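Following: one structure in structure tokens, then a few remarks.
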Amino acid sequence: MKKKFKFSYSPLVIVILIVGIVIAVAAFVMQLISLINNPYPSAYNIVTFISVTLVTAFYLILAVSMFVASYYMIDDKYLTLRWGILKNQLEIKSMTEVDLNDDTHTLTIFYNEDNFFVLKSATIPFADLVEGLMSVNKNINFKLSGVKTPDDQNKNA
3 MKKKFKFSYS PLVIVILIVG IVIAVAAFVM QLISLINNPY PSAYNIVTFI SVTLVTAFYL
63 ILAVSMFVAS YYMIDDKYLT LRWGILKNQL EIKSMTEVDL NDDTHTLTIF YNEDNFFVLK
123 SATIPFADLV EGLMSVNKNI NFKLSGVKTP DDQNKNA
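When we follow the working numbering, the leftmost residue of the sequence shown carries the number 3, and every step to the right adds one.
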């Protein structure tokens, strides 16, 4: 059994990633032009060019991969959290409790007795994610937070 849930970023994060990509490309182009315009570059210019190229390449790989391959996946053993080239796995059998908060669109996963991990997304169907986790580990306690009752809604009116 594998269930995959595509992760979507907030508009602010998307803007930050795109601005970072533009800045990285601009820095590389400026360094390249500087190196081309100087027929006899110094060691400093060459080291600067190499450094900027490496940092730019790393950032571009990271940013583009975050756009292309960001998801949560449940299989028979792990909950895999993937943000581009960054990957984290939580063993589902070690999970003790999940707390779904509808108000804040967060899912808090408690594991190994004293650790927790918070997932925040307004677009991921957390109910399906919790169902997948509980189908692998029947001992997970499910808690629902932030649900407004009719009495709560009347108090706010």
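Just so you know, even glycine gets a beta-carbon here, dropped at the ideal spot from N, CA and C.
Please read these numbers as outputs of a predicted model, since none were measured by experiment.
Selection from I18, T125, L121, F128 that minimises the alpha carbon distance to A65: Answer by Cα proximity: I18.
Sheet register partners of F112 (DSSP bridge): Looking at the DSSP assignment, F112 forms a beta bridge with E99, F118.
Environment of A28 [buried if 16+ CB atoms lie within 10 Å]: By the 10 Å Cβ count, A28 comes out exposed.
Nearest-angstrom beta carbon gap, V54 and Q33 [assumed within contact, 8 angstroms]: Between V54 and Q33 the Cβ distance is about 5 angstroms, and since that is below 8 angstroms, they are a contact.
Cβ contact check for the region 140 to 149 and the region 100 to 108: 3 or more pairs under 8 angstroms: Because the criterion of three Cβ pairs below 8 angstroms is met, the region 140 to 149 and the region 100 to 108 touch.
DSSP-derived helix/strand/coil call for I76: Looking at I76 - three-state DSSP - the assignment turns out to be strand.
Exposed unless 16 or more other CB atoms sit within 10 angstroms - verdict on V132: With 16 or more other Cβ atoms within 10 Å, it is buried.
Sequence-distant residues of the same chain with beta carbon closer than 7 angstroms to T125, five excluded per side: Within the same chain, and ignoring the five residues on either side of T125 in sequence, the residues whose Cβ sits closer than 7 angstroms to its Cβ are S10.
Inter-residue Cα distance where the pair is T108 and F118: The straight-line gap from Cα to Cα measures roughly 12 angstroms.
L121 burial status per 10 Å Cβ neighbour count (16 or more: buried): Note on L121: 16 or more other CB atoms within 10 angstroms of its CB, so buried under the neighbour-count rule.
Extent of the continuous alpha helix (DSSP H) run through F30: Annotation for F30: the continuous alpha helix (DSSP H) segment containing it runs 13 to 39.
Residue interval of the alpha helix (DSSP H) (run including S67): Boundaries of the alpha helix (DSSP H) around S67: 45 to 70.
8 angstroms Cβ cutoff met for Y113 and M136: No, the Cβ-Cβ distance between Y113 and M136 is not below 8 angstroms.
Residues of its chain near K8, where Cβ-Cβ distance is below 7 angstroms and the 5 sequence neighbours each way are ignored: Its chain contains Y73 as the residues whose beta carbon lies nearer than 7 angstroms to that of K8, once the 5 sequence neighbours on both sides are disregarded; these appear in chain order.
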